[in-house]
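Colleague: First residue of the sequence shown: 205, per this note's numbering; consecutive thereafter.
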Amino acid sequence: MTATITSLTAFAAAAAADTVYVSPPAPMFLASIPTGAGADVHVYRDSDGSLSSDCTGCGEYAWTLLVTPEFAQEHAATCFRPPRSRAA
205 MTATITSLTA FAAAAAADTV YVSPPAPMFL ASIPTGAGAD VHVYRDSDGS LSSDCTGCGE
265 YAWTLLVTPE FAQEHAATCF RPPRSRAA
């Protein structure tokens, strides 16, 4: 009888080759709230149920367990930066 010895490194490499990374689902768009300067605050529901928002004016991205639609509305009311131009 012949014994086969396989190193842990080879075993780990073989296991990693079978591992497939699956990215989480994309956030679901909920609302776009206009700012006074013509930008928008976009509100999303993330895959974990929390909310996030980003502003096309000042670029602020907010995510905490405390982000609410009211938080996004407040930011939209106080942001006076025009929409940022997109990079070409």
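Idealized CB from N, CA, C, for every residue including glycine. Nothing here was measured: the structure is a model prediction, and the numbers come from that model.
1. What are the boundary residues of the alpha helix (DSSP H) that residue 280 is part of?
2. For residue 245, name the three-state secondary structure that DSSP assigns.
3. Check this for me: beta carbons of residue 244 and residue 267, under 9 Å apart or not?
4. So, residue 285 versus residue 261, is the Cβ gap smaller than 9 Å?
5. Between the Cα of residue 274 and those of 236, 226 and 263, spot the shortest distance and give me the residue it belongs to.
6. Apart from the five residues just before and just after residue 231, which ones in its own chain have a Cβ nearer than 8 Å to its Cβ?
7. With respect to the beta strand (DSSP E) encompassing residue 238, which residues constitute its N-terminal and C-terminal limits?
Modeller: To lay it out plainly:
1. Element bounds for residue 280: 273-282.
2. When DSSP states are grouped into helix, strand and coil, residue 245 belongs to the strand group.
3. Not a contact, by the Cβ cut-off of 9 Å.
4. Judged by their CB atoms, residue 285 and residue 261 are nearer to each other than the 9 Å cut-off.
5. That would be 236, whose Cα lies nearest to the Cα of residue 274.
6. Same-chain partners within the cutoff: 248, 249, 250, 251 and 256.
7. Residue range 232-238 is occupied by the beta strand (DSSP E) that includes residue 238.
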